[in-house]
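A.B. asks: Counting the sequence shown from 1 gives a position; the numbering used here is that position plus 26.
Structure incoming, see below.
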Amino acid sequence: MARKQHGSLLYCVEHGRFEHAVFTTYGLDIPFFEASVMRHLLRNGCRNSIVYADSRHLGVELLRLAEPGNRRSWWYGKHYSLLPIYHTSAFHPKVALLIGDNIELHISSGNLEAGGLANNREIYHRITCARQSVASQEADTIRSVWRYLRDVVSRHVPACVHRQLSRIESDLPWLKAAINPETEARVVLGPGSDVVTALRQAIGNDNVRTLFVISPFFDARVAALERTIRQLRPSKTILLLQPHTVSVDGDKLANFNNLRLTKSTALHSFTARL
Numbered sequence: 027m028a029r030k031q032h033g034s035l036l037y038c039v040e041h042g043r044f045e046h047a048v049f050t051t052y053g054l055d056i057p058f059f060e061a062s063v064m065r066h067l068l069r070n071g072c073r074n075s076i077v078y079a080d081s082r083h084l085g086v087e088l089l090r091l092a093e094p095g096n097r098r099s100w101w102y103g104k105h106y107s108l109l110p111i112y113h114t115s116a117f118h119p120k121v122a123l124l125i126g127d128n129i130e131l132h133i134s135s136g137n138l139e140a141g142g143l144a145n146n147r148e149i150y151h152r153i154t155c156a157r158q159s160v161a162s163q164e165a166d167t168i169r170s171v172w173r174y175l176r177d178v179v180s181r182h183v184p185a186c187v188h189r190q191l192s193r194i195e196s197d198l199p200w201l202k203a204a205i206n207p208e209t210e211a212r213v214v215l216g217p218g219s220d221v222v223t224a225l226r227q228a229i230g231n232d233n234v235r236t237l238f239v240i241s242p243f244f245d246a247r248v249a250a251l252e253r254t255i256r257q258l259r260p261s262k263t264i265l266l267l268q269p270h271t272v273s274v275d276g277d278k279l280a281n282f283n284n285l286r287l288t289k290s291t292a293l294h295s296f297t298a299r300l
């Protein structure tokens with residue numbers, strides 16, 4: 027059974043009452059999602075739900091469910107819209123926007139799968155605001171994500187999904203309001219935005235003493251890590267790696283100065299020593 031920590035996405039959908047729900051994901055386990063997420067949303071009155079998933083991974087999942095002997099009737103297309111999103115590289119955001127009397131925005135590294143929502147070690151950020159908190163920083167962050175969902179993710183979706191999105195804007199008109207350019211929180215949305223540049227701008231003239239990098243995957247030349255270190259210029263870099271599963275070229279890592287490798291399983295004890 028999936029673990030439901032207080033404040034987690036699984037906990038919120040089980041205990042909250044929402045009218046609208048929008049999800050984006052790279053990987054998707056439909057049986058898990060319907061049993062652990064949609065079941066609670068429907069039971070608590072949510073009748074407008076959309077899931078956007080990477081087209082390649084969604085295709086594999088649908089083929090898996092179509093295998094002989096798998097005769098169960100699934101809920102997508104009936105109780106929620108399921109949209110494949112194609113990108114030349116990958117459709118990779120993991121966002122959940124839940125709208126009721128209160129609004130929940132979850133931005134994370136976890137996919138809509140048992141691993142991503144319950145079993146893996148993932149990073150989650152949860153933003154909440156009241157339905158009428160029009161001028162808050164939290165509302166600006168939610169507006170930024172909404173515009174990404176509406177204008178970028180939903181660029182090539184059926185008319186019925188556009189009607190679902192319009193229902194959300196009708197219930198929450200301030201989603202269309204201007205975003206305060208001086209808001210402190212910033213969501214970096216791609217393609218077209220550069221995370222490293224955004225980090226450099228946010229840091230400003232401050233010196234970076236320690237850069238922590240956590241990732242299960244690296245490009246073959248480790249170019250992204252090299253560029254991040256070059257731009258941020260940390261005094262030292264701590265690379266947290268999961269033993270036996272991470273893929274990274276050790277010979278290329280040897281070329282980095284002041285780089286320390288640490289097992290991710292030792293994260294808690296390592297943090298305590300800082």
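Heads up, the beta-carbon is just placed ideally off N, CA and C, and yes, glycines get one too.
These figures come from a predicted structure and were not determined experimentally.
Buried or exposed: leucine 131, going by 16 or more other Cβ atoms within 10 Å of its Cβ?
C.D. replies: For this step, residue 131 is matched to residue 105 along the sequence shown. Per the 10 Å Cβ criterion, buried.
A.B. asks: Provide the residue span of the alpha helix (DSSP H) that contains serine 170, from first to last.
C.D. replies: One-based indexing of the sequence shown puts residue 170 at position 144. Start and end: 163 to 173.
A.B. asks: Look at valine 86 and threonine 50 and say whether their C-beta atoms are less than 9 Å apart.
C.D. replies: In the sequence shown, residue 86 corresponds to position 60, counting from 1. In the sequence shown, residue 50 corresponds to position 24, counting from 1. Cβ atoms of valine 86 and threonine 50: not closer than 9 Å.
A.B. asks: Whole angstroms is fine: what's the gap from histidine 188's alpha carbon to serine 180's?
C.D. replies: Here residue 188 is taken as the residue at index 162 of the sequence shown, counted from 1. Here residue 180 is taken as the residue at index 154 of the sequence shown, counted from 1. About 8 Å.
A.B. asks: If you drop the 5 nearest sequence neighbours on each side, which residues of the same chain put their C-beta closer than 7 Å to that of leucine 251?
C.D. replies: Locating residue 251 in the sequence shown gives position 225, where the first residue counts as 1. For leucine 251, where only same-chain residues beyond five positions count, the Cβ hits under 7 Å are Val239, Phe244.
A.B. asks: Cα-Cα, which of Arg176, Met64, Leu54 is closest to leucine 36?
C.D. replies: Against the sequence shown, residue 36 aligns to sequence position 10. That would be Met64, whose Cα lies nearest to the Cα of leucine 36.
A.B. asks: Sort out for me which residues DSSP pairs tyrosine 106 with in a bridge.
C.D. replies: Here residue 106 refers to the residue found at position 80 of the sequence shown. The partner list for tyrosine 106 (beta bridge, DSSP) reads Tyr102.
A.B. asks: CB valine 213 to CB isoleucine 149, shorter than 9 Å?
C.D. replies: Sequence index remark: in the sequence shown, residue 213 carries index 187 (1-based). Sequence index remark: in the sequence shown, residue 149 carries index 123 (1-based). Cβ distance not < 9 Å, so valine 213 and isoleucine 149 don't count as in contact.
A.B. asks: To which residues of the same chain is asparagine 74 closer than 8 Å at the C-beta, ignoring the five residues directly before and after it?
C.D. replies: Residue mapping note: residue 74 aligns to position 48 of the sequence shown, counting from 1. So the list reads Glu45, His46, Ala47, Gln190, Arg193, Ile194, once near-sequence residues are dropped.
A.B. asks: Could you work out which residue in Leu138, His41, Leu237 is closest to asparagine 146 when comparing CA atoms only?
C.D. replies: One-based indexing of the sequence shown puts residue 146 at position 120. Answer by Cα proximity: Leu138.
A.B. asks: Does the stretch 251 to 264 come within contact of the stretch 224 to 237, defined as at least 3 CB pairs closer than 8 Å?
C.D. replies: Touching, per the Cβ criterion.
A.B. asks: So what's leucine 48 in DSSP terms, helix, strand or just coil?
C.D. replies: Looking up residue 48 in the sequence shown gives position 22. The sequence shown places valine at residue 48, not leucine. Three-state DSSP puts valine 48 in a strand.
A.B. asks: Please report the distance separating the alpha-carbon of serine 62 from that of tryptophan 101.
C.D. replies: Numbered from its first residue, the sequence shown carries residue 62 at position 36. Numbered from its first residue, the sequence shown carries residue 101 at position 75. Answer to the nearest angstrom: the Cα atoms are 13 Å apart.
A.B. asks: Quick check on the DSSP output: the beta strand (DSSP E) that includes aspartate 275 runs from which residue to which?
C.D. replies: Here residue 275 refers to the residue found at position 249 when the sequence shown is read from its first residue. Where aspartate 275 is concerned, there is no enclosing beta strand (DSSP E), given that its DSSP letter is neither H nor E.
A.B. asks: For threonine 297, which of helix, strand or coil comes out of DSSP?
C.D. replies: Indexing the sequence shown from 1 puts residue 297 at position 271. Legend: pLDDT at threonine 297 = 43, less than 50; position of this residue unreliable, no value from coordinates given.
A.B. asks: Within the stretch 197 to 259, note down every full alpha helix (DSSP H) run reaching 4 residues or more, in order along the chain.
C.D. replies: Counting only runs of 4 or more, we get 221 to 229, 249 to 258.
A.B. asks: Using 8 Å for Cβ pairs, my map puts aspartate 302 next to alanine 116. What's the rounded Cβ distance?
C.D. replies: The structure shown does not extend to residue 302, since the chain is modelled only from 27 through 300, so no value can be given for it.
A.B. asks: Let me check understanding here. Comparing Cα to Cα, which of Leu88, Ser34, Pro199, Gly42 lies closest to histidine 151?
C.D. replies: As a working note, residue 151 is residue 125 in the sequence shown. When each option's Cα is compared against that of histidine 151, the closest is Ser34.
A.B. asks: Using the Cα positions of asparagine 231 and arginine 90, report the straight-line distance between them to the nearest angstrom.
C.D. replies: The residue you call residue 231 lines up with position 205 of the sequence shown. The residue you call residue 90 lines up with position 64 of the sequence shown. Their Cα atoms are separated by approximately 51 Å.
A.B. asks: How should lysine 104 be labelled, buried or exposed, when 16 other C-beta atoms within 10 angstroms of its C-beta is the threshold for buried?
C.D. replies: If you number the sequence shown from 1, residue 104 lands on position 78. Label assigned to lysine 104: exposed.
A.B. asks: Enumerate in chain order the residues of its own chain whose CB-to-CB distance from proline 269 is below 6 Å, with the five nearest sequence positions on each side excluded.
C.D. replies: By 1-based counting over the sequence shown, the position of residue 269 is 243. The answer, listed in chain order, is Lys289.
A.B. asks: Tell me the DSSP secondary structure of tyrosine 150 in three-state form.
C.D. replies: Your numbering for residue 150 matches position 124 in the sequence shown. Here tyrosine 150 sits in strand by DSSP.
A.B. asks: So, at 7 Å on beta carbons, what are the nonlocal neighbours of lysine 262 in its own chain, with the 5 sequence-adjacent residues on each side left out?
C.D. replies: Locating residue 262 in the sequence shown gives position 236, counting from the first residue. Hits under 7 Å: Thr236, Asn284, Arg286.
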